[in-house]
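Asker:
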Amino acid sequence: MAPVVRTPDRRQAVVYCVQTLAVAACYYAAGRLGLLRQLVVGDAVFTPIWPPTGVAVAALFIFGLRCWPGIALGALLVVLSLTSSLRLAALGNIAGNTLAPVCAFLMLRKVGFRTALSRLRDGVALVFLGALAAMLISSTVGVGILVATGKLDWGGFWPVWLAWWVGDAMGVLLVTPALLLLSEARPAPDPGRWKEAVLLVVAACAIIPLATHSRLSLLYLIYPLLIWAALRFQLAGSVLCALVASVLATVAATDGSGPFAELTRTEVMIKLQVFNGSMALTALLLSAVITEQHNTRRSVELACQELVEVLEHLTAGEAPPDRPPPPPLPPPLLPPPAGGDGPPGQGEGRRGRPGSA
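With my numbering, letter number 119 in the sequence shown gets 884, and the count goes up by one each step, no holes.
So, in structure tokens, the structure goes:
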């Protein structure tokens, strides 16, 4: 009987190890991608979009709180790729970059966040709790360590802190919805809409590179495209469109080309982050509002159809047919309860980023 009891436990342990290593690998890969494009603010470098924060928050919703060691391991790998020695400051960075996504996950779970982002309240919660509030932790810890170790003067604290905070928040706003979208099984679009989807992709391939790399101020051309994607394809269309636009804008900003040419470093940072933030907010909130309205309309149409059928039977002098009770609303897509969130002895840990320019 003992081997029979141990086999499921061993299998669960193997699955847990695989999940942890997968999260760490994705975090590390996202970190290396983010480090390909950097801007300089004051005496420090920062990434305009830090994808690992988005990967970490999405992983916590997909696998549960128990995957936090994978986030810490991924942050450790990113730090080791930047420095040959693992000092106390690096460990503090890892702790900050692990704690921020965990706090984002806990706050979002507390308010009943649904990963489908089908309600306006879900989009608002992701913006204000998951991105803006939780990422205060990683930016404060990271920049505080730079100041404490003498790599950054106190006079440069706030500009670097703001750039770090916005970069982490952009990772949550742009990457997390895309990963949550991919993790959920969604029905394929109506075959009649494939042509429209192809047309949207062609338009995006033509307009977005032109708007982000032209020396003329054409960034506003992306907004009609984003609205079209949200109206017709909701979250799947708007988030992917916003992600592509933000990535290409970041490439143009770091290259100093297009609408970011002949600007100071501070002007480039402000213009880029305002654009990325407006893209993310428009995509999330607009698609959530449209999806919520569609769900409400379908509920009203179903109720009206049932009422018409009942009236027809009553008019004919027949008893209305028995109807099964309506299916319950899907519960919020939450991870396992807190009791099974992680292995014994779980702790805190987190990411690393380049220190000073």
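All C-beta atoms in this analysis are idealised placements derived from N, C-alpha and C, irrespective of residue type, glycine included.
Bear in mind the structure is a predicted one, so any value in this text is a computation, not a measurement.
Which ranges does the alpha helix (DSSP H) cover as unbroken runs of at least 4 residues, wholly within the stretch 841-925, from first to last along the chain?
Answerer: Counting only runs of 4 or more, we get 853-875, 885-890, 900-913.
Asker: Candidates Ala865, Arg852, Ala824, Met872: which alpha carbon is nearest Leu947's?
Answerer: For Leu947, the nearest C-alpha among the options comes from Ala824.
Asker: Is the beta carbon of Gly835 closer than 8 angstroms to that of Tyr793?
Answerer: For Tyr793 and Gly835, no; Cβs fall outside 8 angstroms.
Asker: When we look at the beta-carbon of Pro1101 and count the other beta-carbons within 10 Å, is it buried (16 or more) or exposed?
Answerer: Note that Pro1101 scores a pLDDT of 48, beneath 50, so its modelled location is shaky and nothing firm can be said.
Asker: Please classify Pro942 as buried or exposed, where buried requires at least 16 other C-beta atoms within 10 Å of its C-beta.
Answerer: Pro942 comes out buried.
Asker: Excluding sequence positions up to five away, which residues of its chain have a Cβ less than 8 angstroms from the Cβ of Leu975?
Answerer: Result list for Leu975: Leu983, Leu986, in chain order.
Asker: How is Ala809 classed by DSSP in three states: helix, strand or coil?
Answerer: Ala809 falls in the strand class under three-state DSSP.
Asker: May I have the straight-line CA-CA distance separating Ala1007 from Ala821, to the nearest angstrom?
Answerer: In a straight line, the C-alpha of Ala1007 is about 20 angstroms away from that of Ala821.
Asker: Between the alpha carbons of Val912 and Ala1017, how many angstroms are there, rounded?
Answerer: Distance between the alpha carbons of Val912 and Ala1017: 30 angstroms.
Asker: Just to confirm the assignment, what range does the alpha helix (DSSP H) spanning Cys1069 have?
Answerer: First-last of the alpha helix (DSSP H) with Cys1069: 1030-1080.
Asker: Report the residue from Leu786, Arg776, Ile814, Glu949 whose alpha carbon sits nearest the alpha carbon of Thr1019.
Answerer: When only C-alpha atoms are compared, the closest one is Ile814.
Asker: State the Cα-Cα distance for the pair Ala840 and Ala1045, rounded to the nearest angstrom.
Answerer: Going from the Cα of Ala840 to the Cα of Ala1045 covers about 25 angstroms.
Asker: Start and end of the alpha helix (DSSP H) containing Gln999?
Answerer: Segment 987-1020, the alpha helix (DSSP H) holding Gln999.
Asker: From this set, Ala809, Thr818, Cys832, which residue's C-alpha is nearest Trp923's C-alpha?
Answerer: That would be Ala809, whose Cα lies nearest to the Cα of Trp923.
Asker: Find the nearest neighbour of Arg874 within the set Ala899, Ala854, Thr863, judged by alpha-carbon distance.
Answerer: With distances taken between Cα atoms, Arg874 lies closest to Ala899.
Asker: Pro768 to Val780, Cα distance in whole Å?
Answerer: Model confidence at Pro768 stands at a pLDDT of 48, short of 50, so the residue's coordinates are unreliable and nothing is read from them.
Asker: Using C-beta distances below 6 angstroms, list every residue in its chain close to Leu945, excluding the 5 sequence neighbours before and after it, in chain order.
Answerer: Contacts found: Ala823, Thr880.
Asker: Quick one: Cα of Ala1068 to Cα of Gln1058, how far?
Answerer: Approximately 15 angstroms, taken between the alpha carbons.
Asker: Leu804: which of Leu1072, Glu1066, Ala1048, Leu1037 sits nearest, CA to CA?
Answerer: If we check each option's Cα against that of Leu804, Leu1037 comes out closest.
Asker: Compare the Cα-Cα distances from Thr1047 to each of Leu965, Leu939, Ile973 and report the closest residue.
Answerer: Residue Leu939 is the option with its Cα nearest to Thr1047.
Asker: Excluding sequence positions up to five away, which residues of its chain have a Cβ less than 7 angstroms from the Cβ of Phe1040?
Answerer: Same-chain partners within the cutoff: Leu984, Ala1014.
Asker: Anyone know if the C-beta pair for Ile1035 and Ala1010 falls short of 8 angstroms?
Answerer: No; because the gap between Cβ atoms is not below 8 angstroms, this pair is not in contact.
Asker: Look at the alpha carbon of Leu882 and the alpha carbon of Thr812, and state the distance between them as a whole number of angstroms.
Answerer: One C-alpha to the other measures close to 26 angstroms.
Asker: Cα separation between Gly1023 and Leu990?
Answerer: Rounded to the nearest angstrom, the two C-alpha atoms are 19 angstroms apart.
Asker: Compute the Euclidean distance between the alpha carbons of Ser1052 and Ser1003, then round it to the nearest angstrom.
Answerer: Using only the alpha carbons, I get a separation of about 7 angstroms.
Asker: On the three-state DSSP scale, how would you describe Leu927?
Answerer: Here Leu927 sits in helix by DSSP.
Asker: Quick check on Gly895: buried or exposed, where buried means 16 or more other Cβ atoms within 10 Å of its Cβ?
Answerer: Classification of Gly895: buried, given that the 10 Å Cβ count is 16 or more.
Asker: Look up Leu798 in the DSSP assignment and say whether it is helix, strand or coil.
Answerer: Looking at Leu798 - three-state DSSP - the assignment turns out to be helix.
Asker: What three-state label does DSSP hand Leu981 in the structure shown?
Answerer: It is coil, neither helix nor strand.
Asker: Here's the rule I'm using: 16 or more other beta-carbon atoms within 10 Å means buried, otherwise exposed. How should Cys782 be labelled?
Answerer: The residue is exposed, with fewer than 16 neighbouring Cβ atoms inside 10 Å.
Asker: Output needed for Asn1060: all residues of its chain with C-beta closer than 8 angstroms, excluding positions within five of it in sequence on either side, in chain order.
Answerer: Only Ser883 meet the Cβ criterion.
Asker: For Pro817, report the span of its alpha helix (DSSP H) as first-last.
Answerer: Unbroken alpha helix (DSSP H) run through Pro817: 816-828.
Asker: Is it true that the CB of Gly907 sits closer than 8 angstroms to the CB of Gly861?
Answerer: For Gly861 and Gly907, yes; Cβs fall inside 8 angstroms.
Asker: Can you give me the C-alpha to C-alpha distance between Val1065 and Leu845, rounded to a whole angstrom?
Answerer: Each residue's Cα considered, the two are about 56 angstroms apart.
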